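**Student:**
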Amino acid sequence: MTAQQVLQIAVACIATATPWLVARIALSVASRHAMSVGAAFPPPRAMHILTRATLVALPLAATAGWFLTPPSLLMGAVDVAAFFVLSILGLRALSEIDSASRPARDVQASERAASLRPRRLRDYVPLAWHAVPFVACVSGLALLAWRLESVSSSRLFVPVSFILAAPVFLWLYEVWMRSEISGAGSVDVDHRHADQRRRQRIRQILVVETILIVGLVGIGHALLGLDWKAPGIRVVLGTTGGALLAITGCAFALSSELNRRRYRDAGSASQASR
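Under our numbering, residues 9 to 282 are what the sequence shown spells out, in order.
This is the structure in structure tokens:
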């Protein structure tokens, strides 16, 4: 088996497994949040259907990647078709996960607490920690601009895409952290405990953000300038690793609402249930 075949099979498996991976991460986030607040979380039926469909599609996609000589346009069509069909099931699973987790996120509260002291991101994470993803992102982009002048490879799409994805994830996760900070509080909860949980969540988001930025920039630069006509193990591992890292980052960003408490007054909640 050649390295091109390995890469083709790996890409097929990633394209096929992506809808399940995104839904599985969302399910994990929602179930952990429900457990933390002591709420029931029935497993969505659509998730079981997606899992079974993925288990059937994976060996079929891998077999096609084995028999079709790379690079193959037909293999690309197989990847797109598998991703499209399973994405339909994945969207249904995400919708059911959102519905099942809603009781754990909606909190009935007749009053809300307000703080006279504004909450800022620097109150929850040290400035040195927060600067790491920014420094990594800016350094990666500057190094990319410098290296592009000397790179002779014509296949720049994958490594450049990984590096350019870093500022996108930086923006998404910065918005996520700030939305966590600005969340409303209820007078019925222990504010000290709520603030401690908020601090923990924000630091977890920052850790994931840093791993994404550093990982994507590092993998992109490691792949930049390699020979893609005869890809070796570095190309295979870098491409699959970067793709999985980006997919995981997207899945966590999509799951940001699944562990966020939303406070509703009892009147509006009762009217909505009628």
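The beta-carbon is built from N, C-alpha and C at its ideal position, and this holds for glycine as well.
None of the values given here were measured: they were computed from a predicted structure.
Spatial neighbours of A230 within its chain, please: CB distance less than 6 Å, with the 5 preceding and 5 following residues excluded, ordered by chain position.
**Tutor:** Counting only Cβ-Cβ distances below 6 Å, and skipping sequence neighbours, we find G246.
**Student:** Alpha carbon to alpha carbon, how far is M55 from L99?
**Tutor:** Between M55 and L99, the C-alpha separation is close to 10 Å.
**Student:** According to DSSP, is D235 part of a helix, a strand, or is it coil?
**Tutor:** Of the three classes helix, strand and coil, the one that applies to D235 here is coil, per DSSP.
**Student:** As a quick exercise: from V19, C145 and G46, pick the residue whose alpha carbon is nearest that of L66.
**Tutor:** Out of V19, C145 and G46, V19 has the C-alpha closest to the C-alpha of L66.
**Student:** Answer yes if the stretch 209 to 218 comes into contact with the stretch 129 to 145, meaning at least three C-beta pairs across the two stretches below 8 Å, and no otherwise.
**Tutor:** The stretch 129 to 145 vs the stretch 209 to 218: in contact.
**Student:** Under DSSP, the alpha helix (DSSP H) around M43 begins and ends at which residues?
**Tutor:** From DSSP, the alpha helix (DSSP H) with M43 extends over A11 to S44.
**Student:** Buried or exposed: where does M185 fall if 16 or more other Cβ atoms within 10 Å of its Cβ makes it buried?
**Tutor:** So M185 counts as buried.
**Student:** Excluding the 5 residues preceding and the 5 following N267 in the sequence, name in chain order all residues of the same chain whose CB lies nearer than 6 Å to its CB.
**Tutor:** Hits under 6 Å: V37 and H41.
**Student:** Taking buried to mean at least 16 other C-beta atoms within 10 Å of its own C-beta, is A26 buried or exposed?
**Tutor:** A quick correction: the sequence has Thr, not Ala, at residue 26. So T26 counts as buried.
**Student:** Buried or exposed, going by whether 16 or more other CB atoms sit within 10 Å of the CB of I105?
**Tutor:** It is buried - the Cβ of I105 has at least 16 other Cβ atoms within 10 Å.
**Student:** With a cut-off of 8 Å on the beta carbons, I'd call P141 and I22 a contact; round off their distance for me.
**Tutor:** Not quite, the Cβ-Cβ distance comes to about 24 Å (not below 8 Å), so this is no contact.
**Student:** Which residue from G223, E157 and R206 puts its Cα closest to that of A174?
**Tutor:** Checked all of G223, E157 and R206; the closest Cα to A174 is G223.
**Student:** How would you write the range of the alpha helix (DSSP H) that E182 sits in, first residue to last?
**Tutor:** F165 to I189 is the span of the alpha helix (DSSP H), which, as asked, contains E182.
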